[in-house]
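Participant: Following numbering that gives the first Met the number 0, the residues of the sequence shown are numbered contiguously, the last one being 356. Cβ coordinates follow ideal geometry from the N, Cα and C atoms, glycine included. Before anything else, here's the structure in question.
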Amino acid sequence: MSDLADRLQQLQTDALAELAVAADAQAVDSLRASLFGRSGRLTVLVRGLAEEDPAERPATGKVANAVRDALEAALTARQAAIAEAEGAVPLSGEASDMSAPGRPWRVGHLHPTMTVERDLREIFHAFGFEVFEGPEIETDAMNFEALNIPPDHPSRDLWDTLYVAEAGGDPRQPAADGTILRTHTSPVQIRAMRALTPPIRVITPGRCFRYEAVDASHGFEFFQVEGLVVDRDTSLADLKGMLEEFARALYGEATRTRFRPGYYPFTEPSVAFDVSCLVCGGSGCAACGRSGWMTILGAGMVHPAVLRAGGIDPEEFQGYAFGMGLDRITLLRHGIPDLRLLMSADMRFLEQFPAGR
Numbered sequence: 000m001s002d003l004a005d006r007l008q009q010l011q012t013d014a015l016a017e018l019a020v021a022a023d024a025q026a027v028d029s030l031r032a033s034l035f036g037r038s039g040r041l042t043v044l045v046r047g048l049a050e051e052d053p054a055e056r057p058a059t060g061k062v063a064n065a066v067r068d069a070l071e072a073a074l075t076a077r078q079a080a081i082a083e084a085e086g087a088v089p090l091s092g093e094a095s096d097m098s099a100p101g102r103p104w105r106v107g108h109l110h111p112t113m114t115v116e117r118d119l120r121e122i123f124h125a126f127g128f129e130v131f132e133g134p135e136i137e138t139d140a141m142n143f144e145a146l147n148i149p150p151d152h153p154s155r156d157l158w159d160t161l162y163v164a165e166a167g168g169d170p171r172q173p174a175a176d177g178t179i180l181r182t183h184t185s186p187v188q189i190r191a192m193r194a195l196t197p198p199i200r201v202i203t204p205g206r207c208f209r210y211e212a213v214d215a216s217h218g219f220e221f222f223q224v225e226g227l228v229v230d231r232d233t234s235l236a237d238l239k240g241m242l243e244e245f246a247r248a249l250y251g252e253a254t255r256t257r258f259r260p261g262y263y264p265f266t267e268p269s270v271a272f273d274v275s276c277l278v279c280g281g282s283g284c285a286a287c288g289r290s291g292w293m294t295i296l297g298a299g300m301v302h303p304a305v306l307r308a309g310g311i312d313p314e315e316f317q318g319y320a321f322g323m324g325l326d327r328i329t330l331l332r333h334g335i336p337d338l339r340l341l342m343s344a345d346m347r348f349l350e351q352f353p354a355g356r
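Laid out in structure tokens, this is it:
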């Protein structure tokens, strides 16, 4: 038997001895983490299998599996025994005080990002939109080429794409079929056009991924809500009126709006949509760069090439589209200074946003 197998069996003996004196559920959880955590004692030893002599590796692997299963079973049994003992009614000794106040139930609520998404769904439902969802794992063709972004287009530099590797292949090489984690929810618009018959009015909420450094305003995982309208004779004026009503419904009747020229490869013309600063009301502050305005989304008329990719004849139908970062909308609505707080799972932060806020 190899040295690694001996160390695994010794670890099992030591861990079972520690488990025998674990007095409560917290102690059991702590022991479990010390064994199975990312840097746990068993985890570290199992990683050593990669350096084991190939001739001894199968036998040592069986020992590792047996030790893991034995410890898992022992931890589970000990935790169940402690829970049963803590829940048992005392049959002797000091009687329980039945008049003592009970412990209040801890009631959960939606995450602030999901609360804002729910509100956006309700607003756009009132405008006649339906929700259309698509896969988070996409193809390069759907994520880029169908949206008027060919392989050599310079606008691809705007998206830091995460490619999926071949199963069992080199993790540094992307799959031959161009499978990726979608960088935006725009490919869902292509799927909607192919699945539905005009007139089309859909929003496409969902999670997106980009290879970005995590900081106060960026994350590698984020949420978007995009919208698409396809109909005869729809125009930029229709888009403008709808977005103005949307901004007032979301931020209040006093909200002022403006449109600026923008660029997106899948719309032409393209615009950026700004609202009066939610911090200073438009007078100018550090949050808005002293401009009095904050950009909340991009929009424009759907490019004819994108309509054709969706199976729509651009000679007969027109469309407009818009897209916003749900996380940014949440930050602006609640005055949250750092995007990372939304992903922190810190109850001290999350409990500041009860349901309905």
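1) So the candidates are 22, 24 and 67; which of them puts its Cα closest to the Cα of residue 43?
2) In this structure, does DSSP put residue 50 in helix, strand or coil?
3) Considering only residues of the same chain and omitting the five flanking positions on each side of residue 88, which have a CB-CB separation below 6 Å?
4) Decide if residue 297 is buried, meaning its Cβ has at least 16 other Cβ atoms within 10 Å, or exposed.
5) Taking buried to mean at least 16 other C-beta atoms within 10 Å of its own C-beta, is residue 240 buried or exposed?
6) Cutting at 6 Å between CB atoms, please list the residues of its own chain near residue 306, excluding the five before and the five after it.
7) Look at the Cβ atom of residue 238, then the Cβ atom of residue 319, and state whether they are nearer than 8 Å.
8) Distance, Cα to Cα, residue 154 vs residue 113?
9) With a CB to CB cut of under 6 Å and the five nearest residues on each side skipped, what residues in its chain are close to residue 247?
10) Got a sec, what are the start and stop residues for the beta strand (DSSP E) residue 264 sits in?
11) Tell me the DSSP bridge mates of residue 297?
12) Determine the direct distance from the alpha carbon of residue 179 to that of residue 166, and round the result to whole angstroms.
13) Compute the Euclidean distance between the alpha carbons of residue 267 and residue 317, then round it to the nearest angstrom.
14) Name the one or two DSSP bridge partners that residue 292 has.
15) Look at the alpha carbon of residue 8 and the alpha carbon of residue 350, and state the distance between them as a whole number of angstroms.
16) Taking only three categories from DSSP, how would you classify residue 20?
17) Report the three-state DSSP secondary structure of residue 230 (helix, strand or coil).
18) May I have a chain-ordered list of the beta strand (DSSP E) segments no shorter than 3 residues that lie completely inside the segment 133 to 178?
Facilitator: With the structure as the only source:
1) Residue mapping note: residue 43 aligns to position 44 of the sequence shown, counting from 1. Checking every option, the nearest Cα to that of residue 43 belongs to 67.
2) By one-based count along the sequence shown, residue 50 stands at place 51. In the displayed model, residue 50 falls within a helix according to three-state DSSP.
3) Position 89 of the sequence shown holds residue 88. Only weak support exists for where residue 88 lies, its pLDDT of 49 falling under 50; the coordinates are left without a value.
4) Locating residue 297 in the sequence shown gives position 298, where the first residue counts as 1. Buried, since its Cβ has 16 or more Cβ neighbours within 10 Å.
5) Along the sequence shown, one-based indexing puts residue 240 at 241. It is exposed - the Cβ of residue 240 has fewer than 16 other Cβ atoms within 10 Å.
6) Mapped onto the sequence shown, residue 306 falls at position 307. If we look at residue 306 and ignore the five residues flanking it on each side, its Cβ neighbours are 313.
7) The count along the sequence shown starts at 1 and reaches residue 238 at position 239. The count along the sequence shown starts at 1 and reaches residue 319 at position 320. Yes. Within cutoff.
8) Position 155 of the sequence shown holds residue 154. Position 114 of the sequence shown holds residue 113. The alpha-carbon atoms of residue 154 and residue 113 are separated by roughly 30 Å.
9) For the purposes of this step, residue 247 is identified with residue 248 of the sequence shown, where counting begins at 1. Contacts found: 254.
10) Within the sequence shown, numbered from 1, the residue matching residue 264 stands at position 265. Careful: residue 264 lies outside any beta strand (DSSP E) and carries neither H nor E.
11) Locating residue 297 in the sequence shown gives position 298, counting from the first residue. Partner residues in the beta bridge of residue 297, as assigned by DSSP, are 271 and 322.
12) Here residue 166 is taken as the residue at index 167 of the sequence shown, counted from 1. Here residue 179 is taken as the residue at index 180 of the sequence shown, counted from 1. Looking at the two C-alpha atoms, the distance is approximately 13 Å.
13) Here the question's residue 267 lines up with position 268 in the sequence shown. Here the question's residue 317 lines up with position 318 in the sequence shown. The alpha-carbon separation between residue 267 and residue 317 amounts to approximately 11 Å.
14) Numbered from 1 along the sequence shown, position 293 holds the residue referred to as residue 292. Bridge partners of residue 292: 275.
15) As a first step, residue 8 is located in the sequence shown; it is residue number 9 there, counting from the start. As a first step, residue 350 is located in the sequence shown; it is residue number 351 there, counting from the start. Approximately 45 Å between the Cα atoms of the pair.
16) Numbered from its first residue, the sequence shown carries residue 20 at position 21. In the displayed model, residue 20 falls within coil according to three-state DSSP, outside both helix and strand.
17) The residue you call residue 230 lines up with position 231 of the sequence shown. Note: residue 230 maps to strand in three-state DSSP.
18) Note on the segment 133 to 178: whole beta strand (DSSP E) runs with a minimum of 3 residues are 136 to 138, in chain order.
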